[in-house]
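Undergrad: For our numbering, count along the sequence shown from 1 and bump the result up by 14. Ideal Cβ placement from N, Cα and C applies to all residues, glycine included. Source: prediction; values computed, not measured.
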Amino acid sequence: MLIRIEPPTRHRLCSLLSSVRDMRARARPSEASQKVFTVDNPVTSKNWPPNVKQEPITPEYCKTLMEHLKLKEIDDMKKKRTFTMPRINLGDLVEVRYEISRSKKTFGTFQGYVIRTANKLLDSTFTLKNSYDGITVEQTVAAAPPAHAPPSLLR
């Protein structure tokens, strides 16, 4: 199989040269040597290893740190939220309006009975069940809605 390569045209050569010129015009000195902290780096090797000695991090400390971060995130969500979240229990008829496309700003709605709840702070979810034309549909919805309006209780 032979591959035929066409010789470059004048237009292609001019555009290639102009792009190379643009790349050369934007050259600037790199500051990577000051930002990379390695032993081989002459700038940062003066302060390596650091003089600060700390206790090792324990799994209990990590757990409490993660709990504090989740609580702070919950407080931030409550401040940003302009609505109060309804209390959702098993057997409630709930309607959820969610965003299908952000660019087109289209919304969809789903009605169903709550068949399952999982209360895990920010990761809380509830599952809705409904049947359309004899086909049962279940949908799991986040209780802290980032991309949909608050669920509304119908019954």
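Using CA coordinates, which residue listed in 146, 129, 93, 148 is at the minimum distance from residue 155?
TA: Comparing Cα positions, the closest option is 129.
Undergrad: Thinking C-beta only, is residue 108 closer than 8 Å to residue 168?
TA: The answer is yes: Cβ separation under 8 Å.
Undergrad: Measuring CB to CB, does residue 121 end up less than 8 Å from residue 114?
TA: Taking 8 Å as the Cβ cut-off, residue 121 and residue 114 qualify as a contacting pair.
Undergrad: In whole angstroms, give me the CA-to-CA distance for residue 102 and residue 70.
TA: Roughly 43 Å between the two C-alpha positions.
Undergrad: Would you call the segment 139-156 and the segment 72-86 touching, i.e. three or more CB-CB distances under 8 Å?
TA: No, the segment 139-156 does not touch the segment 72-86.
Undergrad: On a Cα-Cα basis, can you pick out the residue from 149, 153, 134 that is closest to residue 143?
TA: With distances taken between Cα atoms, residue 143 lies closest to 153.
Undergrad: Please classify residue 148 as buried or exposed, where buried requires at least 16 other C-beta atoms within 10 Å of its C-beta.
TA: With fewer than 16 Cβ atoms within 10 Å of its Cβ, residue 148 is classed as exposed.
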